[in-house]
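J.: When we follow full-length UniProt numbering, the leftmost residue of the sequence shown carries the number 1, and every step to the right adds one. Quick one: the structure is below, and I'll ask about it shortly.
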Amino acid sequence: MLTNLALEQLLNEKLNAKAISDYAPNGLQVEGKREIRKIITGVTATLPLIEKAIEKNADAILVHHGYFWKSEDPCIRGMKGKRIKQLLVNDINLFGYHLPLDVHPELGNNAQLAALLGVKYLTGLEDKPYSIPVYGELETAISATELAQRLEKGLNRNVILCDEFVAEFPHKLIKTVAICTGGGQGYIDLAAAKGIDAFISGEISEQTTHSAREQGIYYFAAGHHATERYGIKALGEWLAQEYQLDVEFIDIDNPA
Numbered sequence: 001m002l003t004n005l006a007l008e009q010l011l012n013e014k015l016n017a018k019a020i021s022d023y024a025p026n027g028l029q030v031e032g033k034r035e036i037r038k039i040i041t042g043v044t045a046t047l048p049l050i051e052k053a054i055e056k057n058a059d060a061i062l063v064h065h066g067y068f069w070k071s072e073d074p075c076i077r078g079m080k081g082k083r084i085k086q087l088l089v090n091d092i093n094l095f096g097y098h099l100p101l102d103v104h105p106e107l108g109n110n111a112q113l114a115a116l117l118g119v120k121y122l123t124g125l126e127d128k129p130y131s132i133p134v135y136g137e138l139e140t141a142i143s144a145t146e147l148a149q150r151l152e153k154g155l156n157r158n159v160i161l162c163d164e165f166v167a168e169f170p171h172k173l174i175k176t177v178a179i180c181t182g183g184g185q186g187y188i189d190l191a192a193a194k195g196i197d198a199f200i201s202g203e204i205s206e207q208t209t210h211s212a213r214e215q216g217i218y219y220f221a222a223g224h225h226a227t228e229r230y231g232i233k234a235l236g237e238w239l240a241q242e243y244q245l246d247v248e249f250i251d252i253d254n255p256a
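Structure representation (structure tokens):
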């Protein structure tokens, strides 16, 4: 058993949360009961996830997408009001970790997706500490079709593959892979500039296809939610192993 503030401290330390500038507060976002024994983890703090936590008598919810984003309306009403009301009425703590969970070298979303795909030797794509996108190498070069199959099998999700330029180079294989889970499609130009063979993210924008076609880089859009399931799951498993807490991951599916 841990207190809510002790749990926040150890999570902050594990994820080095204070060192990473973010678009939302990281840590304890909504305070509930002091003692924590049962934790529900999930990607986003939706009302269905909160209702599952209530059903399972959880003391805390730990998510990647929490509340109080910089561009968010500060008023607690409507959908936001219903969510927070259920947390307060049921005395449930809400912990959220966004970019610190994306970039963690072991438990992070990028690291977990890379491990799932067999991408090794990860390093930051940006020339700065705590680079959000990363890149690495496959042990053996493979085709775009094979990498798409690995993604679809690992994530249980259809992926969008931008590979039209390959008609000009039909035998081009993939050895180097850049990754930025979630909404990281904007980093495709940086990956292309560094000569990376393929870039994987969750979402795709209209201009992403043009970047892939005109710069000769494969692009895979595998779903924002699907690519970010594994960091929060790994973080919960670490808590259970290291601190003997009762932690359960619940996937509230999202096709986006």
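Glycine is no exception: its CB is placed at the ideal position from the N, C-alpha and C atoms.
Suppose the cutoff is 6 Å on Cβ atoms and the five residues either side in sequence are ignored; what does the same chain contact list for residue 116 look like?
T.: Closer than 6 Å at the Cβ level, and outside the excluded window around residue 116, lie 154.
J.: Rounded to whole angstroms, what's the CA-CA distance from residue 19 to residue 103? Just pull it up for me.
T.: 12 Å
J.: Who does residue 28 pair with in a DSSP beta bridge?
T.: 95
J.: Taking all protein chains shown into account, do 16 or more other C-beta atoms lie within 10 angstroms of the C-beta of residue 23, making it buried, or fewer, making it exposed?
T.: Burial call: exposed.
J.: Which partner residues does residue 38 have in the DSSP bridge list?
T.: 246
J.: Please report the distance separating the alpha-carbon of residue 262 from that of residue 27.
T.: Residue 262 lies beyond the range of the chain shown here (1 to 256); nothing can be said about it.
J.: Looking at the secondary structure, which residues open and close the alpha helix (DSSP H) in which residue 126 lies?
T.: Residue 126 -> no alpha helix (DSSP H), and no H or E assigned at all.
J.: Ignore the nearest five residues each way along the sequence and tell me which others in residue 203's own chain have a CB closer than 7 Å to its CB.
T.: 183, 185, 221, 224
J.: By alpha-carbon positions, which one of 209, 120, 205, 228 ends up nearest to residue 176?
T.: 120
J.: Might you give, ordered along the chain, the residues of its own chain that have their beta carbon closer than 8 Å to the beta carbon of residue 265, omitting 5 neighbours on each side?
T.: Residue 265 lies beyond the range of the chain shown here (1 to 256); nothing can be said about it.
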